[in-house]
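Only one structure is covered here, and it is reproduced in the block below.
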Amino acid sequence: MLAVVIRRLFATIPVMAVVAIIVFSLLYLTPGDPAAVLAGEQATAEDIERIRASLGLDEPYLVRFGQWIGGVLQGDLGTSIFSRRPVMELILQRLEPTVALTIASLLIAVLIAIPLGVIAAWRSGGIVDRLAMSFAVLGFSIPVFVLSYLLIALVSVELKWLPVQGYVPIAYGFGPFARHLILPALSLGIINAALIARITRATMLDVLSQDYIRAARAKGLSVRRVLVRHALKNAAVPIVTVIGISFALLISGVVVTETVFNIPGLGRLTVDAILRRDYPVIQGVILVFSATYVVVNLIVDLSYRLFDPRIQQ
Amino acid sequence: MSATPAGTAAVPDGLARIWRKHPNLVIGAAMFAAAVVAALAAPWLATVDPQAISPFDRLREPSAEFWFGGDLVGRDVYSRTVFGARVSLIVGIGVVIGGLSLGLVVGLLSGFVRWVDQILMRVMDGLMAIPSILLAVALISLTGASLKNIVIAISIAEVPRVARLVRSVVLALKEQPYVEAAITSGTSFPLILWRHILPNTVAPLLVQGTYIFASAVLTEAILSFIGAGTPPSTPSWGNIIAEGRTVFSIAPHIVLFPGLALSFTVLGVNLLGDGLRDVFDPRFVSRK
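Chains as they are written, first to last, in the working numbering: chain A, 26 to 338; chain B, 2 to 289.
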């Protein structure tokens, strides 16, 4: 097993290398003078020169890439143009809220989507199925910030059950932490649940029409046992795959949700960096998010063998 | 296509039949058409100049005169929302054209030229690993926010999906006896492409195109919302919502109406896409 993990880990190197090359090369590939764009409209010639020098744009491409990638491999993601602090430090400071929000949203998405998809497939064509599918299409169509504002209006402003926005670190107590996290995680979770529910239903429909399901029912097993032990287990691989893919949705969702709920995480860091034209920070955040996405999908890939022993390679 | 059911008129009523078989398609098309009409007829549908500032109407609540209320500086939210449809549709159509044509070229090259395939697919894998919003954010922060740059940035993020789709169609078709026969009999490559390959990409690309449209409209709104999108001088659903963000608890209408318009349009396009998929792919139809 360890050998497999190591081999797969090595297989992600080419993808990560391409990501690094793309993120780095954007500075050189975009038309116009990036230093001038990043400096903004009111910048003086010295400002532009300072940014050009801090990004290393006055050096040859390959030399600069060598320096940059060397730094990245040692955990040095460059220095913020705005605050002049190491990008890695800024990212680490903002990590907790984003990790908490991501995990909570994913949990909510899975807890909503899988039961919904299973019941929809089992009672295909029925009222639950219709409702579930309407929910899925709606989830694809409502932007996460619109849903967030609707939830705030209802739960926080009307009912006054939960705080409107903000974040409390878990170190200050689980209660306040959870109360601040529920709404953002719910908004993001509901949007992601749509995608997962849709795939769960489609895969379960395929599996439920198999002979062994009929045999299991004929044997007198309970519906619950057949659905969970026989059907869901065999539908697991595509469902886990889509959960991995939905992680990309979750990342863009985090950027938006943190803005709506004023959560000081990586998303907020990105948005502040956009407003301050702080490209090294944007670059660093992209690298961290993309690496996480690749690792999540690696874990998904490795998890296949848990559900299906036939998968060996 | 099934025969006209007994009892209906002898002349089959096309629209009614489509409605019965694919209600999603009809509802989606109607919703999308409404958004297109709003965008095209914006100058006539709008009640006042969407940029006209009127300090007396600041944060005014929706009323008979101000249907969607007033924003932070007293501009009419209804007129701004109607004009906002233009940005969304331009971005949607631009990204569909840009993403599909770029993706088509990459996909065809990958499908036919093996050594290029190796390189292009690695690049596509890398692009797919970068969340599309962040890729667009990086491109826009380097080139400056303008409608053109937004379209280009979102198009680039959509290329890998299209390229993979086209590549898989090409690879499957290359194995087909009639394509092999055409290659062996010396048919020129452009003719094979035109006669055998491209027609088979139309249906999947049409369905994919609707999903790209929906995703592009959402992405533009998100970009404008986080301040990396349409400049404030042009009303877009995303930037109207962004401007209303700070006063949401006292004037929720500024966020609500453009948000509904956005959801309505994207829902329509998604339903249209689901309907088209049902029409083109019989496997999905039988599942219902």
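Note that CB positions come from ideal geometry on N, CA and C, so glycine has one too.
Using 8 Å as the limit for Cβ to Cβ distance, is V286 (chain B) near chain A?
Taking the second sequence and counting its residues from 1, one reaches residue 286 (chain B) at position 285. Reliability fails at V286 (chain B), whose pLDDT of 33 lies under 50, so the model's placement of it is uncertain and no value is given.
I want to verify the contact list: residues of chain E whose CB lies under 7 Å from the CB of I288 (chain A), in sequence order.
The structure shown contains no chain E; its protein chains are A and B.
Does the CB of L46 (chain B) have a neighbour CB from chain A at under 8 Å?
Within the second sequence, numbered from 1, the residue matching residue 46 (chain B) stands at position 45. No, because no Cβ of chain A sits closer than 8 Å to the Cβ of L46 (chain B).
With a CB to CB cut of under 8 Å and the five nearest residues on each side skipped, what residues in its chain are close to A243 (chain B)?
On the second sequence, residue 243 (chain B) is found 242 positions in, with the first residue counted as 1. These residues qualify, in order along the chain: S225, F226, I227, G228.
Kindly indicate which three-state DSSP category D154 (chain A) falls into: helix, strand or coil?
Within the first sequence, numbered from 1, the residue matching residue 154 (chain A) stands at position 129. Looking at D154 (chain A) - three-state DSSP - the assignment turns out to be helix.
What would DSSP say about T104 (chain A), mapped onto helix, strand or coil?
The count along the first sequence starts at 1 and reaches residue 104 (chain A) at position 79. If DSSP states are grouped into helix, strand and coil, T104 (chain A) belongs with the strands.
Determine which residues share a DSSP beta bridge with P111 (chain A) and list them.
As a first step, residue 111 (chain A) is located in the first sequence; it is residue number 86 there, counting from the start. Paired residue(s): A:T104.
Determine whether the beta carbon atoms of V319 (chain A) and T127 (chain A) lie at a separation below 8 Å.
Position 294 of the first sequence, counted from the start, is the residue given in the question as residue 319 (chain A). Position 102 of the first sequence, counted from the start, is the residue given in the question as residue 127 (chain A). No.
Short-range partners of chain B found in the segment 50–63 of chain A, where Cβ spacing is below 8 Å:
L51, L52, T55, P56, G57, P59, V62, L63
Am I right that I47 (chain A) and L128 (chain B) are in contact with their C-beta atoms under 8 Å? What's the rounded C-beta distance?
The residue you call residue 47 (chain A) lines up with position 22 of the first sequence. The residue you call residue 128 (chain B) lines up with position 127 of the second sequence. Yes, I47 (chain A) and L128 (chain B) are in contact; Cβ-Cβ is about 7 Å, under 8 Å.
Among B:I157, B:P259, B:L268, which one has its Cα closest to the Cα of Y212 (chain B)?
Start at 1 with the first residue of the second sequence, and residue 212 (chain B) comes out as number 211. The shortest C-alpha separation from Y212 (chain B) is found at B:L268.
Quick one: what does DSSP say A7 (chain B) is sitting in, helix, strand or coil?
To locate residue 7 (chain B), count along the second sequence from 1; it is residue 6. At A7 (chain B) the pLDDT is 46, less than 50, meaning the model places this residue with poor confidence; the figure from the coordinates comes in the next sentence. Correct three-state label for A7 (chain B): coil.
Would a check of beta-carbon distances place V124 (chain B) closer than 8 Å to chain A?
Locating residue 124 (chain B) in the second sequence gives position 123, counting from the first residue. Cβ-Cβ to chain A under 8 Å: yes for V124 (chain B).
Which partner residues of D77 (chain B) appear in the DSSP bridge assignment?
In the second sequence, residue 77 (chain B) corresponds to position 76, counting from 1. Bridge partners of D77 (chain B): B:G71.
Please state whether DSSP places T290 (chain B) in a helix, a strand or coil.
Because chain B in this structure spans residues 2 to 289, residue 290 (chain B) falls outside the shown range and cannot be described.
Would you please verify whether the beta carbon of I73 (chain A) is less than 8 Å from any beta carbon of chain B?
The residue given as residue 73 (chain A) occupies position 48 in the first sequence. No, its Cβ sits nowhere closer than 8 Å to a Cβ of chain B.
By DSSP, does H23 (chain B) sit in helix, in strand, or in coil?
On the second sequence, position 22 is the one that residue 23 (chain B) refers to. H23 (chain B) falls in the coil class under three-state DSSP.
List the residues of chain B whose Cβ lies closer than 9 Å to the Cβ of I137 (chain A), in chain order.
The residue labelled residue 137 (chain A) in the question sits at position 112 within the first sequence. Ordered by position in chain B, no residue passes the 9 Å Cβ test against I137 (chain A), which lies about 19 Å from the chain.
Does DSSP put G85 (chain B) in a helix, in a strand, or in coil?
Position 84 of the second sequence, counted from the first residue, corresponds to residue 85 (chain B). G85 (chain B) falls in the helix class under three-state DSSP.
Closer than 8 Å, CB to CB, is S3 (chain B) near chain A or not?
Along the second sequence, read from residue 1 onward, the residue named residue 3 (chain B) stands at position 2. Confidence is the limiting factor: at S3 (chain B) the pLDDT is only 43, short of 50, which leaves the residue's position unreliable, though a coordinate-based value still follows. No, no contact with chain A.
Could you check what DSSP says for I268 (chain A) in three-state terms: helix, strand or coil?
Within the first sequence, numbered from 1, the residue matching residue 268 (chain A) stands at position 243. I268 (chain A) falls in the helix class under three-state DSSP.
Taking the beta carbon of V40 (chain A) as the centre, do at least 16 other beta carbons fall within 10 Å, making it buried, or is it exposed?
Start at 1 with the first residue of the first sequence, and residue 40 (chain A) comes out as number 15. V40 (chain A) is buried by the Cβ-count criterion.
Here's a check: name, in chain order, each residue in its chain whose Cβ is nearer than 7 Å to the Cβ of G276 (chain B), leaving out the five neighbours to either side.
Walking along the second sequence from the start, residue 276 (chain B) turns up at place 275. Answer for G276 (chain B): H23, N25, L26, G29, listed in chain order.
For A7 (chain B) and chain A, any beta-carbon pair shorter than 8 Å?
Mapped onto the second sequence, residue 7 (chain B) falls at position 6. Low confidence applies here, because A7 (chain B) scores a pLDDT of 46, under 50, leaving its location unreliable and the question unanswered by this model.
Flag L327 (chain A) as yes if its beta-carbon sits less than 8 Å from any beta-carbon of chain B, otherwise no.
Indexing the first sequence from 1 puts residue 327 (chain A) at position 302. It does not; no Cβ of chain B falls within 8 Å.
Suppose you measure from the CA of G293 (chain A) to the CA of Q118 (chain A); what does that come to, to the nearest Å?
The sequence position of residue 293 (chain A) within the first sequence is 268, counting from 1. The sequence position of residue 118 (chain A) within the first sequence is 93, counting from 1. In the sequence under discussion, the amino acid at residue 293 (chain A) is Arg, which differs from the Gly named in the question. Computed Cα separation, rounded: 12 Å.
Do we get a CB-CB distance below 8 Å when we pair V124 (chain A) with the residues of chain B?
As a first step, residue 124 (chain A) is located in the first sequence; it is residue number 99 there, counting from the start. Not one chain B Cβ lies under 8 Å of V124 (chain A).
Considering only residues of the segment 37–88 of chain A, which uninterrupted alpha helix (DSSP H) runs meet the minimum length of 4 residues and lie entirely inside it, listed in chain order?
59–64, 70–79
Neighbourhood of D326 (chain A) by C-beta, 7 Å cutoff - its chain only, sequence neighbours within 5 removed:
Taking the first sequence and counting its residues from 1, the one referred to as residue 326 (chain A) is at position 301. Cβ within range, chain order: R33.
Under three-state DSSP, which class holds D118 (chain B)?
The sequence position of residue 118 (chain B) within the second sequence is 117, counting from 1. Looking at D118 (chain B) - three-state DSSP - the assignment turns out to be helix.
If distances are taken between C-alpha atoms only, which option among B:L121, B:I155, B:A183, B:V78 comes closest to S55 (chain B)?
Here the question's residue 55 (chain B) lines up with position 54 in the second sequence. Selected option, being the one with the closest Cα: B:V78.
What number of angstroms, rounded off, separates the C-alpha of I151 (chain B) from the C-alpha of V114 (chain B)?
The sequence position of residue 151 (chain B) within the second sequence is 150, counting from 1. The sequence position of residue 114 (chain B) within the second sequence is 113, counting from 1. For I151 (chain B) and V114 (chain B), the distance between alpha carbons rounds to 31 Å.
Using the beta-carbon of each residue, which ones in chain B are nearer than 7 Å to V44 (chain A)?
Within the first sequence, numbered from 1, the residue matching residue 44 (chain A) stands at position 19. Within chain B, the residues near V44 (chain A) are G127, A130, I131.
So, are the CB atoms of V171 (chain A) and L192 (chain B) less than 8 Å apart?
Locating residue 171 (chain A) in the first sequence gives position 146, counting from the first residue. Locating residue 192 (chain B) in the second sequence gives position 191, counting from the first residue. Not a contact, by the Cβ cut-off of 8 Å.
Residues of its chain near S142 (chain B), where Cβ-Cβ distance is below 7 Å and the 5 sequence neighbours each way are ignored:
Here residue 142 (chain B) refers to the residue found at position 141 when the second sequence is read from its first residue. The answer, listed in chain order, is A229.
From A:L312, A:F314, A:R302, residue whose alpha carbon lies closest to that of Q67 (chain A):
On the first sequence, position 42 is the one that residue 67 (chain A) refers to. Among A:L312, A:F314, A:R302, the Cα nearest to that of Q67 (chain A) belongs to A:R302.
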